[in-house]
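Novice:
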Amino acid sequence: MRLSQLFTKTSKTVPADETARSAQLLIQAGFIHKEMAGVYAYLPLGKQVLDNIAQIVREEMNGIGGNEVSMSILQPKDIWEKTGRWDNEKVDNWFKTKLLNGTELGISLTNEEPITDMLHEFISSYKDLPIYIYQIGNKFRNELRAKSGLLRGREFLMKDLYSFSRNQAEHDEFYEKAAEAYMRIYSRLGIGDSTYRTYASGGIFSQFSDEFQVLSDVGEDTIYVDENRRIAVNKEVFTDEILTQLGLNRDELVEQRAVEVGNIFPLGSKYSDALGVYFTDEQGGQQSIIMGCYGLGISRLMGLLAEHFADDKGLVWPEAVAPAKVYLARLGDNPDVVKQADELYNLLTAADIQVLYDDRDVRPGEKFADADLLGIPHRVVVSDKTVSSGTYEWKRRKAQAAEQVSAEQLLKTLGIDA
RNA sequence: CGGGGUGUAGCGCAGCUUGGUAGCGCGCCGCGUUCGGGACGCGGAGGUCGUGGGUUCAAAUCCCGCCACCCCGACCA
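Going by our numbering, the first residue of the first sequence is number 40, and it counts up by one from there.
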């Protein structure tokens, strides 16, 4: 994309109403726009990052047999009454609304009820199971207090997968596969080393749920990490009794702040039973379906990555999620420079490499500053110098100094076989 | 929801104590000089001072209500 055609702009000043570094940078760089507290618009560059994260999640979910769907955020009241969760006493952060005729509706904060109810139409035999269904969509929670930009919003993008298994063993097997897929996702996003599978409270379905916690000063959770075993325990279940049960030694645990970027938990047959969705087994008997829920906050991950990968000059996106791979800065409008830059832009674009082409009529310093602020992994400069020397100037976002490279070297570095 | 704080031009802020109808920086527009790390000069445009009411000859400024935003805490199926 040509920057001259991008409607967003960067800002030299930090927004006064954000304190989280990630939110400040994302707004300064024009990735997101705050519409109200806890509610953000994703602008072209931010949308691209969000899509990139979602795509990685999608690939990993498909890899373990997930079926992607997209369900409405409007939900009928009756199915929630069947599971006992419509009452505000039970779930107090609902957004609810009404049809003109007065019928009450819920606005999606999670999806167990609608997705399970849908299965009346498709599940009847043991041959129909197991199945794994997920969606990537907006969720709404009426938080008393939104904070830290994308890390805790009232509207957020979440991947939620639900598993439907014939028995506990089948469920357990998938549950572990899902946990492994989650760790692969975090590794692909570049935060594998600081992400811990964490024992957390399991609610009424099981003793524990598994959270995926990324170490971060801006985290709202406190966890106790066993660095050797690469696992952690959430403060909410941090008792001597539980440590003993888990075989953990209190002296080997380190207290850390962390951001929850995923949470998976067993649901038993609570929802399937409540909604009357059963299957017929090999003997012709009616059996309960064992469910599991697997959430992963995609917009929260974007905020976390912005927080995690940044320096004093701006964002530093991992290549896997960056809105573009290359920032092509054209210095000046000398016809030869324009020609060399246009040609490179066309070549890279034709090779399916995303390029932010800075073809604006602004001074070099501004282009460099923006390249840094936006956090694009590779910066390529085309100028009078590069035209006369027949080279390109290339620099990684993380590198201190730029290098002069040949066209062949550049293309090779960017992963193109010239 | 409890406690604290803030709303003045697109953004960041000053002015408010001691009422006299608004100012700075960035950004924006025009002209010129510039052009490898956010240039400089000159000339411009842009504000019902969050909102409603009150006090006063006069309110950004004082008083009351409301709204929004931020921080700490609580909350987070």
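For every residue, glycine included, the Cβ atom is placed at its ideal position computed from N, Cα and C.
1) Using a Cβ-Cβ cutoff of less than 7 Å, which residues in the same chain neighbour M143 once the five nearest sequence positions on both sides are dropped?
2) Taking the straight line between their C-alpha atoms, what separation do you get for W119 and G334?
3) Taking its Cβ as the centre, do 16 or more other Cβ atoms sit within 10 Å of D423, making it buried, or is it exposed?
4) Give the straight-line distance between the Cα atoms of V419 and D350, rounded to the nearest whole angstrom.
5) Work out the CA separation of I154 and M110 for me, nearest whole Å.
6) Tell me the rounded alpha-carbon separation between I66 and Q322.
7) Quickly, what does DSSP pair F134 with across the bridge? List them, please.
8) May I ask which residues mark the beginning and end of the beta strand (DSSP E) holding D249?
9) Do Y201 and E152 have their C-beta atoms closer together than 8 Å?
10) Per DSSP, what kind of secondary structure is N385 in: helix, strand or coil?
11) Any idea what DSSP makes of S61, helix, strand or coil?
12) Considering only their Cβ atoms, is the gap separating V426 from V376 smaller than 8 Å?
13) Just tell me which of N106, F195, S204 and V360 has its CA closest to the CA of T149.
14) Once you ignore the five residues that flank Q207 on each side, which residues in its own chain have a CB closer than 8 Å to its CB?
15) Whole angstroms is fine: what's the gap from M197's alpha carbon to S50's?
16) Excluding the 5 residues preceding and the 5 following R60 in the sequence, name in chain order all residues of the same chain whose CB lies nearer than 7 Å to its CB.
17) May I ask which residues mark the beginning and end of the beta strand (DSSP E) holding W3?
Specialist: Well, looking at it:
1) For the purposes of this step, residue 143 is identified with residue 104 of the first sequence, where counting begins at 1. The identity of residue 143 in the sequence shown is Glu, whereas the question assumes Met. Around E143: K116, K135 and K137.
2) Here residue 119 corresponds to residue number 80 of the first sequence, with the count starting at 1. Here residue 334 corresponds to residue number 295 of the first sequence, with the count starting at 1. Taking the Cα positions, W119 is about 19 Å away from G334.
3) Indexing the first sequence from 1 puts residue 423 at position 384. Exposed, by the Cβ-count rule.
4) What you label residue 419 is simply residue 380 of the first sequence in a count that begins at 1. What you label residue 350 is simply residue 311 of the first sequence in a count that begins at 1. Cα to Cα, the separation comes out at about 20 Å.
5) Here residue 110 is taken as the residue at index 71 of the first sequence, counted from 1. Here residue 154 is taken as the residue at index 115 of the first sequence, counted from 1. The alpha-carbon of M110 is positioned some 8 Å away from that of I154.
6) By one-based count along the first sequence, residue 66 stands at place 27. By one-based count along the first sequence, residue 322 stands at place 283. For I66 and Q322, the distance between alpha carbons rounds to 60 Å.
7) The residue given as residue 134 occupies position 95 in the first sequence. Partner(s): I146.
8) The sequence position of residue 249 within the first sequence is 210, counting from 1. Per DSSP, D249 belongs to the beta strand (DSSP E) from F247 to L254.
9) Reading the first sequence from its first residue, position 162 is the one you call residue 201. Reading the first sequence from its first residue, position 113 is the one you call residue 152. With respect to the 8 Å criterion, Y201 and E152 are not classified as neighbours on the basis of their beta carbons.
10) Position 346 of the first sequence, counted from the first residue, corresponds to residue 385. DSSP places N385 in helix when its eight states are reduced to three.
11) For this step, residue 61 is matched to residue 22 along the first sequence. Helix.
12) On the first sequence, residue 376 is found 337 positions in, with the first residue counted as 1. On the first sequence, residue 426 is found 387 positions in, with the first residue counted as 1. A contact, by the Cβ cut-off of 8 Å.
13) By 1-based counting over the first sequence, the position of residue 149 is 110. For T149, the closest C-alpha among the options N106, F195, S204 and V360 is that of F195.
14) Numbered from its first residue, the first sequence carries residue 207 at position 168. Contacts found: I329.
15) On the first sequence, residue 197 is found 158 positions in, with the first residue counted as 1. On the first sequence, residue 50 is found 11 positions in, with the first residue counted as 1. The alpha-carbon atoms of M197 and S50 are separated by roughly 29 Å.
16) In the first sequence, counting from the first residue as 1, residue 60 sits at position 21. Counting only Cβ-Cβ distances below 7 Å, and skipping sequence neighbours, we find E346 and A349.
17) Because residue 3 is not part of the residues shown, which for the chain are 40 to 457, the question remains open.
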